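The block underneath contains the structure these notes are about, expressed in structure tokens.
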Amino acid sequence: MSFTSEIKKEICKEEIDAQMMKAQLCALFQMRASLHMNWQGMYLSFQTENATIAKHVFQIMKTLYNVDPRLSVLKKMQLKKNNIYRIQVFDKAQEILEDLQILTDSGLRYTPSVKMVRSEKMARAYLQGCFLASGSINSPKSSNYHLEMSSQEKDLALSVQKLMQRFYLPAKVIERKSLYVVYIKAGDKIADFLRLCNASNALFEFEDSRIQRDFYNQITRLDNCEVANEVKSLKAAKSQLEAIEFLESNAKNIVIPEKIMHAMQIRKMYPEANLNELCLECKNEFGEDISKSGMKHRLAKVKQMAKDLKEDLDV
Numbered sequence: 001m002s003f004t005s006e007i008k009k010e011i012c013k014e015e016i017d018a019q020m021m022k023a024q025l026c027a028l029f030q031m032r033a034s035l036h037m038n039w040q041g042m043y044l045s046f047q048t049e050n051a052t053i054a055k056h057v058f059q060i061m062k063t064l065y066n067v068d069p070r071l072s073v074l075k076k077m078q079l080k081k082n083n084i085y086r087i088q089v090f091d092k093a094q095e096i097l098e099d100l101q102i103l104t105d106s107g108l109r110y111t112p113s114v115k116m117v118r119s120e121k122m123a124r125a126y127l128q129g130c131f132l133a134s135g136s137i138n139s140p141k142s143s144n145y146h147l148e149m150s151s152q153e154k155d156l157a158l159s160v161q162k163l164m165q166r167f168y169l170p171a172k173v174i175e176r177k178s179l180y181v182v183y184i185k186a187g188d189k190i191a192d193f194l195r196l197c198n199a200s201n202a203l204f205e206f207e208d209s210r211i212q213r214d215f216y217n218q219i220t221r222l223d224n225c226e227v228a229n230e231v232k233s234l235k236a237a238k239s240q241l242e243a244i245e246f247l248e249s250n251a252k253n254i255v256i257p258e259k260i261m262h263a264m265q266i267r268k269m270y271p272e273a274n275l276n277e278l279c280l281e282c283k284n285e286f287g288e289d290i291s292k293s294g295m296k297h298r299l300a301k302v303k304q305m306a307k308d309l310k311e312d313l314d315v
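Each residue of the sequence shown is one higher than the one before, starting from 1 at the first, in UniProt numbering.
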């Protein structure tokens, strides 16, 4: 079972009251349902490839409106050949749409009414319904974080975006082919959305994977930084040793101060040591206290003296 399917299964298991059922059903219908007319009149059709969602919608319809929806299972003939679960409602279709405030005197609404999402619990339930209808979240084990919900109606996508912003979820909307996609890429905000949907088990799995990955990435960055610093130190030490060798081979042509000579001797004795280690060894060898910046200055002086001497000797 995919991570998205686990989330949807967990949402469907939550016990909700009648008002939240209406908000969820409103979102599910506005996202995925279609309205049809035949010789018998108006009827609703809702399709999904998720059996748990089909059962959830079926139960809500019976609980709220005491109808007997027709459930049929179709087989896709292309790609994965998954089952498609179709729920059709022939009785009370107009009454149901009016109660959900989808059908009004002026026609069909493609966005939730203010009343439907006025309270926090109703807005949360509506977002749950949107996710059940068309939502997906990448597996937390994947290389990137991504949550999205899609709609064929731009106004509905913008309404969903606005609802998410009420809960401090900075969703964005893009157009992809014939759909308008509401999406979030920040891992912490996707975790907040799972918390909003009361998908506790999915939230724990997501956060556990996210913490592990972030910890691993941090360790990798620190390791890379440490290796880079080590390479940099070895490169600097090599150039310092080359300068020291040149000065010593031309000692008769230059006067080297005692403190600089100490730094040269310590560097020769400990060619792979860092500045802090050189300072400590200078203390042990010559009884001389020197700071890290002082040692750095002396070694820089060694390189500068070698450079100046080369120019004087025209080497």
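Every residue gets a Cβ at the ideal spot worked out from N, C-alpha and C, and that includes glycine.
Quantities reported herein were computed from a predicted structural model and do not represent experimental measurements.
Pairwise C-alpha distance: residue j and residue i
i: A186; j: A243; result: 51 Å
i: Q152; j: Q101; result: 19 Å
i: A191; j: I7; result: 12 Å
i: A123; j: C197; result: 11 Å
i: F204; j: F167; result: 20 Å
i: R213; j: R109; result: 43 Å
i: L158; j: A133; result: 16 Å
i: Y76; j: D223; result: Looking at the sequence provided, one finds Lys at residue 76 rather than Tyr. Their backbone Cα atoms lie some 50 Å apart in a straight line.
i: D105; j: I96; result: 14 Å
i: I53; j: E120; result: 23 Å
i: F193; j: L169; result: 7 Å
i: S291; j: R298; result: 11 Å
i: A228; j: I211; result: 25 Å
i: K177; j: F206; result: 29 Å
i: I184; j: E230; result: 39 Å
i: E175; j: S143; result: 24 Å
i: G294; j: D208; result: 47 Å
i: L147; j: M264; result: 60 Å
i: Q94; j: K141; result: 44 Å
i: E285; j: E226; result: 28 Å
i: I219; j: K154; result: 43 Å
i: K162; j: Q40; result: 38 Å
i: K189; j: F215; result: 18 Å
i: G107; j: N38; result: 18 Å
i: E245; j: K252; result: 13 Å
i: L28; j: M1; result: 22 Å
i: V173; j: Y145; result: 16 Å
Contacting residues, own chain, Cβ-Cβ under 8 Å from residue i (five flanking each side not counted)
i: H36; result: M42, Y43, L44 and S45
i: M116; result: K22, A23, C26, L100, Q101, M122 and Y126
i: L156; result: Q30, M31, Y110, T111 and Y180
Minimum C-alpha distance to residue i - residue among the options
i: T4; options: K268, Y145 and I137; result: I137
i: F131; options: N50, D105, V67 and S106; result: N50
i: E98; options: P112, R86 and Q88; result: P112
i: R86; options: K55, V114 and L103; result: K55
i: Q304; options: L247, L158, D289 and A251; result: L247
i: E311; options: F206, I254, Q40 and F193; result: I254
i: Q47; options: M61, N38, Q88 and D68; result: Q88
i: K13; options: S200, K141, E148 and F215; result: S200
i: Q19; options: K235, I219, F215 and R118; result: R118
i: D314; options: T220, S209 and N250; result: N250
i: A236; options: E272, K162 and W39; result: E272
Close Cβ partners of residue i (< 6 Å) along its chain, the five nearest in sequence each way excluded
i: F90; result: Y43
i: Q24; result: A125, Q128 and G129
i: M164; result: A171
i: E288; result: C282
i: S139; result: F3
i: L103; result: L97
i: G135; result: M149
CB contact flag (residue i, residue j, <7 Å)
i: F71; j: M21; result: In the sequence as displayed, the identity of residue 71 is Leu instead of Phe. It is not a contact, given that the beta carbons lie outside the stated cut-off.
i: N82; j: V73; result: no
i: I260; j: K301; result: yes
i: V182; j: V160; result: yes
i: V114; j: K92; result: no
i: K296; j: L275; result: yes
i: A202; j: E10; result: yes
i: Q240; j: R267; result: yes
Identified DSSP bridge partners for residue i
i: Y270; result: Its beta-bridge partners do not exist; DSSP assigns none.
i: Y180; result: S151 and E175
i: C136; result: Correcting the residue identity first, residue 136 is Ser in this sequence and not Cys. DSSP output for S136 lists E148 as bridge partner(s).
i: R86; result: Q47 and S72
i: T104; result: G107
i: N38; result: G41
7 Å Cβ shell around residue i - same chain, five flanking residues per side excluded
i: Y270; result: E277, L278 and E281
i: A33; result: L44, S45 and F46
i: P69; result: F58, M61, I87, Q88 and V89
i: P257; result: none
i: H262; result: C282, F286 and E288
i: R195; result: L203
Closer than 7 Å to chain D by CB, residue i
i: F246; result: Annotation note: the requested chain D is absent from the structure, which comprises a single protein chain.
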